[in-house]
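Residue numbers (the UniProt record's numbering), protein chains in the order written: chain A, 1 to 768; chain B, 1 to 319.
Think of the CB as a built atom: it goes at the ideal place given N, C-alpha and C, for glycine as much as any other residue.
One structure below.
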Amino acid sequence: MTVKEIFDTMDYGPAPESSKEALAWLASKGDFGHFIDGAWTTPGTLFAVMNPATDALLAQVTQGTQADIDAAVTAARTAQPAWAKDGNARAKVLYALARILQKQSRLFAVLETLDNGKPIRESRDIDVPQAIRHFYYHAGMAQIMDAELPDRQPLGVCGQIIPWNFPLLMLAWKIAPALAMGNTVVLKPAEWTPLTALLFADICNQAGVPPGVVNIVTGDGEVGEMIVTSDVDKVAFTGSTAVGRRIRELTAGTGKALSLELGGKGPYIVFEDADIDSAVEGVVDAIWFNQGQVCCAGSRLLVQEGIADAFHAKLRARMDKLRIGDPLDKCIDIGAIVHPRQRARIADMLAAHPEGETYQTQAPDGCFFPPTLITGLSPASPLMQQEIFGPVLVATTFRTPAEAVEIANSTRYGLAASVWSENINLALDVAPKLAAGIVWVNGTNMMDAAAGFGGVRESGFGREGGWEGLEGYTKPRATAPQAQPVAAFAGEGAADGLDRTAKLYIGGKQARPDGGYSRAVFGANGKLLGHAGLANRKDLRNAVEACNAAKGWGTSTGHLRAQILYYMAENLSARADEFADRVAALTGQDGAAEVSASINRLFSAAAWADKYDGQVHDVPIRGVALAMKEPVGTIGILCPDDHPLLGLVSLMAPAIAMGNRVVMVASRPFPLAATDFYQVIDTSDVPGGVVNILTGDPADLADPMARHMDIDAVWSFANPALTRTVETAAAGNLKRTWCGTLDWTLDNTKSILTHATEVRNIWIPYGA
Amino acid sequence: MTQHDHLPRNPGMALDMDWVMRAQANTSAIERRASTLPGRRSVKKDHQAAWLCKAISLIDLTTLSGDDSAGRVRRLCAKARQPVAPDILDALGMTGLTTGAVCVYHDMVATAVDALEGSGIPVAAVSTGFPAGLSPFHLRIAEIGESVAAGAEEIDIVISRRHVLTGNWKALYDEMAEMRAACGDAHVKAILATGELGTLRNVARASLVCMMAGADFIKTSTGKESVNATLPVTLTMIRAIRDFHDRTGIHIGYKPAGGISKAKDALVYLSMIKDELGDRWLQPDLFRFGASSLLGDIERQLEHHVTGSYSAGWRHAIG
Chain A
1 MTVKEIFDTM DYGPAPESSK EALAWLASKG DFGHFIDGAW TTPGTLFAVM NPATDALLAQ
61 VTQGTQADID AAVTAARTAQ PAWAKDGNAR AKVLYALARI LQKQSRLFAV LETLDNGKPI
121 RESRDIDVPQ AIRHFYYHAG MAQIMDAELP DRQPLGVCGQ IIPWNFPLLM LAWKIAPALA
181 MGNTVVLKPA EWTPLTALLF ADICNQAGVP PGVVNIVTGD GEVGEMIVTS DVDKVAFTGS
241 TAVGRRIREL TAGTGKALSL ELGGKGPYIV FEDADIDSAV EGVVDAIWFN QGQVCCAGSR
301 LLVQEGIADA FHAKLRARMD KLRIGDPLDK CIDIGAIVHP RQRARIADML AAHPEGETYQ
361 TQAPDGCFFP PTLITGLSPA SPLMQQEIFG PVLVATTFRT PAEAVEIANS TRYGLAASVW
421 SENINLALDV APKLAAGIVW VNGTNMMDAA AGFGGVRESG FGREGGWEGL EGYTKPRATA
481 PQAQPVAAFA GEGAADGLDR TAKLYIGGKQ ARPDGGYSRA VFGANGKLLG HAGLANRKDL
541 RNAVEACNAA KGWGTSTGHL RAQILYYMAE NLSARADEFA DRVAALTGQD GAAEVSASIN
601 RLFSAAAWAD KYDGQVHDVP IRGVALAMKE PVGTIGILCP DDHPLLGLVS LMAPAIAMGN
661 RVVMVASRPF PLAATDFYQV IDTSDVPGGV VNILTGDPAD LADPMARHMD IDAVWSFANP
721 ALTRTVETAA AGNLKRTWCG TLDWTLDNTK SILTHATEVR NIWIPYGA
Chain B
1 MTQHDHLPRN PGMALDMDWV MRAQANTSAI ERRASTLPGR RSVKKDHQAA WLCKAISLID
61 LTTLSGDDSA GRVRRLCAKA RQPVAPDILD ALGMTGLTTG AVCVYHDMVA TAVDALEGSG
121 IPVAAVSTGF PAGLSPFHLR IAEIGESVAA GAEEIDIVIS RRHVLTGNWK ALYDEMAEMR
181 AACGDAHVKA ILATGELGTL RNVARASLVC MMAGADFIKT STGKESVNAT LPVTLTMIRA
241 IRDFHDRTGI HIGYKPAGGI SKAKDALVYL SMIKDELGDR WLQPDLFRFG ASSLLGDIER
301 QLEHHVTGSY SAGWRHAIG
C-alpha cells in the first residue's frame, strides 16, 4: 500500500514488537533442566513448549520426577533457617529482584507473550510492571516484618503451583510474599507456560538469592501433585477449582497450610445511572483482557433491564473495534488462546449450550477465539454458572438493586465483582452485599500488591497481597500443646434433686435431638449429672437453617454485638457460682477459674466487636481500596473436650463478635456446661439462630458439618484425629477450615478474629 | 483531497432535558481509557507517515495573538498551502497536501481569505467575544455576521461558561441556537472551554446541548484556558457526538484545540477518533486539530520517515 492509499483508508497496519532478543535468550539456554539449589540440573525427559499464536516450538523443558522434587524440597529446607534470619538481608535480595526484573522488563514481556499468547501490550504494561511492583512491595514487608509482625514466624518450605494465564505475575504473587516472610519455595510453573519462570530463575542468582531459597521445577499436573505430597509446610495453588479440590483432599490431615485461588464467574453489574460508555469500555477490560482467561474476569454481565438493549448495542459496536491477531503486534487487543486444548474447551462448552443470542466478531485461523457476547440468558443457564475461561461474556438483566445482588450471588464462586453506578449510595450499598473477595466500583480488574486478592466460596481461600496476604506465609510464634482427647467419666446411680433436661439449642429454642437418643453424663465423682442429647445430621441441618434465618446478625453494628457480649458476661457473672460448681462437677477441675476466664473472654470479644477495623490500602490509583473485615458467615465449631465452658466461650465470642453465626458442638465428655450456657444466651438478647449448641459426638458430626454446603467454615478443636475428616470433607464447597489447638488459659481472642473474618477489598476510584 | 460523502448539516432539535440530565461521565474510568489508549494503539512506518499526513489535512492552522498582523497571517496562509517541503511530500506521494483550514481573529479574516484564494482552504474565524465570550450579546451576534460577510466559512464561537456552571441549560441552548442562526451557511464550531467547566459531566451535558441547538462542530477550548484539549475531555465529547449520532443520525464534528503539539499526540488522537467514532470522522468535515506548533513536529517526523535521519526544526520553513 502506498502512503496515499493508507491516507485514504486510515488502516492501522502492522506494528510488531521484535522477538529477536527473547528467541536469542532461549537459543542460548538450549534444553532446560530444573533450577534447584541455585543451579540448573541436567535436562531430563523433555516436553515441548509452543508459541500458541504460531504453533512454533519455543523450547524444550524437563518433566520433573520425584527425585527432582525431593532434591528441590531438600534444598529449600536446608536454605530456610539462614534465609529466615535477617529481614534486611531478605529485603535487599527482593529489592534486587525487582530492579533486575525492571531492567529486563522487555525481555520478560516478549517472552511471556511468545509463551502465553497474550498481547504484548498486556505483558508489557500490566503483567511485568505488576510483577515488579510485587517484589518492591514485599521487599518492604521483609524489612519491617520483625517490627510489625513480632508474633509471626515463617512457615518453612512452600510448594507453589501456578497457572498459565499470568505466568510471571502469578510467580511474583507467590514468591515475593513467601520470601519476604522468610520462607523458601519450590515453584512449578504451568506446563504450557514455564518460560518466564525459567528466565526468572536465571536472574535469581544475579540478584543474590541464596541457593535453595528459590527452586523452580517444571512439569505437568503429576509433578504438581508430587509437590503437594512432598515434605512442604505449605501449598499455595492458583488454578482450577477441580484441581484445588483435589489438593484440599491430598493435604487433608497433613498439617500443611493451604491457600487456594481458584475459579470465578464474576458479576459485572451495570445500573441505569452508570456512565454507560465507560461501563462498556470496562467490559473490554473485564472479559477481553488476556482473552478472558482470567479468574477474576467480569464474565457475567448483569444490566438493569431498562438500559439493557441500548447497553448491548453499544457493547456490540465496541466489540467490532477490538483487534484480534498477532500477540506481538503493539496494536492488538486480543491475542491467542494459551493452547489449542483450551481453545477447544471453550468452543466445546459453547457448542454444548446453544442458548441465548450470540454475537461474535471474527478471529484469525489458529489458536484464536473471537470475542463473544451471549445475551438473553437466565441465571439458570449453564453458561451463566460455569466458568468458561475464554473471551465469552454471558448476559442477563435485573430490575432492582436487591435483584442484582441476588442474581450476582447465585453462583458457587465468589472471587470478584464490578458495580457500575454514579450513585455512591447505591454502589456502596451493593458492594458489601456481593459474595466476592474483591469488588470494583466503576472499574474492573484492578490489582495491586498492596491489596489482598482472593475469594470466598468455591473461588478458594486465603489472600495474596497486602497485609492480609502475609497471613498465608506466616504462622503464630506461640504454640500450644497438642490437644488430647478426654474420656468421659463413668458412673452410676441417680442425680441429686429433680431431673433437669438438657436439650439442644437451635434457633433460640430448646430442641429435643432428632434421633431421640441421649447419653448419661457422669461427674468426676461418678455421680450422674444429667443427660445430654445426641445430635445427628438432621439436628445439624436444622441448626444451619437457624443460622441462615439469623443473617441479619452479620449486618448488625459492632456496637450492638458488643453490648450483647457484655450482657452475656454480666449474666454469666450473676450465675458464676452455679457454673463454677457445674464445671467442677463435670471435670473435677477448678470451675471458678474457668468461669472467671470465660467472663474475661466475653469482655475481650465485646471489646473487639467494634474495633477490629479494616484498612484503607495505599494502592497506586486516585481512589481507595477498602479492606473491609467481614464475617465468614456460618461457622461450625467443634469445641475442645477440655474446658467445657471456656473452650466454647473462647471460640464462640470472637466468632459472633465479628457477625458470624455459629453451630457449636459442645465438649463431648462434658456437655452440660454448654447446655447450661444456653440459658445465659437466652437471657442476653442474643437473636435466635446466632448461637446454636449441639451435644453429641463430634466424630459423628464432623463429617456432615464439613460437607454441609451452607456452612462457610469449620473450626475443629475437638480431637486432632478429626482433622483429616474435616479437611477432606471440606473440599466439597472448599470451605475454610481451622483445625487447631489453643491454650485456653490464654486470651487468644485477637488471633481468633482473623479466622472469624474475611477481608474483602472494595476498590473505589474517584474523580470529580 | 479525499472525496467523501457530503453529509447533511445538523438541523438542530428541541432541547431534550431528559437526555441531557441522563448524561454521565465517570472521570476515573474515562481517565483510565485515555491513559491506556496510547499503549493499545501503535502506527508504524508507511502507516505512520500516512497518518501524519492525515493529521496535517485536519489542522486548523491557527494564529490568535494580540500581535497578529497582515504579514504574519499571510505567512501562515502560505504555510497552510504548503505545509511540508515539496520534496518530502513528493517522496511520500502526497503532493498537494494542505492543512484543513486557517483560523484567525475577525480582523484578519479578509487578509486570510485573500491569501488563500484559489487554494480551497477555508478560513475560520473565532468569534463572539473570543476567548471569554462576555461582550454584549448583540455584539457577539453581530460579530458573527461581520466575519461571515468578510468571507469566513467557519465560525468558532465561545459559549457562556456561566450557563453551564449554573446549570442553565436552556440559556445555553438559546444562545447556541441564535449563534448558529447568525452563521447562516457558515459552519459553526462551539467552543466549550472545557478547562473552565469544572467536571467531565458538565462537558458531556454542554456537548449535548450545543449539538441539540445546531452546532456543526464541538470544540474543546480557546487555547487560552489554563487547561485545553486533553484525552479525557476528548473521550467525553466524542462519546457525546456518538450518542447524538446514534439517536439522530446526524454527524457532528470534533475539534480539540490547544496543547496538541507532538506528532505522537496527534496519532493518539486519531486512533481515539477511529476507535470511538469510526473512520468517517477522520475527514476534515468532521475532525480538526486546533494547533499552531503541531505541524512543525510532524514535518520533522515526515522527513525522518523519508530520509531515515532525524530531522531538525530549522530545515522546515516557518509559517
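Ranking A:L58, A:N205 and A:A718 by CA distance to the CA of A487 of chain A puts A:A718 first. By the criterion of at least three beta-carbon pairs nearer than 8 Å, the region 140–155 of chain A is not in contact with the region 165–174 of chain A.
Within 7 Å of the CB of I30 of chain B, the CB atoms of chain A belong to S278, in sequence order along the chain. Counted as a single uninterrupted DSSP element, the stretch harbouring I635 of chain A is not any alpha helix (DSSP H) but the beta strand (DSSP E) occupying residues T634 to L638. L498 of chain A counts as exposed, since fewer than 16 other beta carbons sit within 10 angstroms of its beta carbon. Only residues of its own chain outside the window of five on either side were considered, and among them E471 have a CB closer than 7 Å to the CB of T754 of chain A, listed in chain order. Linking C210 of chain B to L26 of chain A through their CA atoms gives a straight-line distance of about 59 Å. Per the C-alpha coordinates, the member of B:C103, B:V84 and B:V102 positioned closest to M94 of chain B is B:V84. Rounded to the nearest angstrom, the gap between the Cα atoms of G39 of chain B and D125 of chain A is 8 Å. S299 of chain A sits in a strand when the DSSP states are folded into three classes. Among the residues facing chain B, K20 of chain A is not included, as its CB has no counterpart in that chain under 9 Å away.
Assignment of I564 of chain A by DSSP, reduced to helix, strand and coil, places it in the helix class. Residue A:G493 holds the alpha-carbon nearest to the alpha-carbon of L529 of chain A among A:G493, A:F398 and A:G552.
Around the Cβ of E387 of chain A, a 10 Å sphere holds 16 or more other Cβ atoms; the residue is buried.
The C-beta separation of L426 of chain A from P391 of chain A comes to about 29 Å, leaving the pair out of contact by the 8 Å criterion.
Under the DSSP assignment, L97 of chain A falls in the alpha helix (DSSP H) whose first and last residues are G87 to K103. Taking CB atoms only, N290 of chain A has no neighbour in chain B less than 9 Å away. Using a Cβ distance threshold of 9 Å, V691 of chain A and M652 of chain A count as a contacting pair. At least one CB of chain A lies nearer than 9 Å to the CB of K54 of chain B. In the structure shown, the three-state DSSP call for H245 of chain B is helix. DSSP lists no bridge partner for G516 of chain A. By the 16-neighbour rule on beta-carbons within 10 angstroms, P81 of chain A is exposed.
Close to N425 of chain A, with beta-carbon spacing below 8 Å, lies no residue of chain B; the smallest spacing is near 15 Å.
The contact set of G39 of chain B on chain A, defined by CB atoms closer than 7 Å, consists of R121 and D125 in chain order. In the displayed model, C331 of chain A falls within coil according to three-state DSSP, outside both helix and strand.
For A15 of chain A, the chain B residues whose C-beta falls within less than 7 Å of its own C-beta are S42, V43 and K44, listed in chain order. Counting along the chain, L64 of chain B sits inside no beta strand (DSSP E), nor does DSSP assign it H or E at all. Residue range G266 to V270 is occupied by the beta strand (DSSP E) that includes P267 of chain A. L565 of chain A is not a Cβ neighbour of I506 of chain A, given a cutoff of 9 Å. For the options A:L169, A:F35 and A:A197, the alpha carbon positioned closest to that of A72 of chain A is the one of A:F35.
For T111 of chain B, the enclosing alpha helix (DSSP H) stretches over residues V109 to A115. Taking 8 Å as the upper bound for CB-CB distance, A666 of chain A and L648 of chain A are in contact here, some 6 Å apart. Between G623 of chain A and S35 of chain B, the beta carbon gap of about 14 Å keeps them out of contact (Cβ cut-off 8 Å). Contiguous beta strand (DSSP E) elements confined to the region 214–252 of chain A occur at 214–216 and 234–238, taking only those with 3 or more residues. Residue-level contact by beta carbon fails for Y136 of chain A and chain B, as no gap is shorter than 9 Å. Per DSSP, F289 of chain A lies in no alpha helix (DSSP H) segment and is marked neither H nor E.
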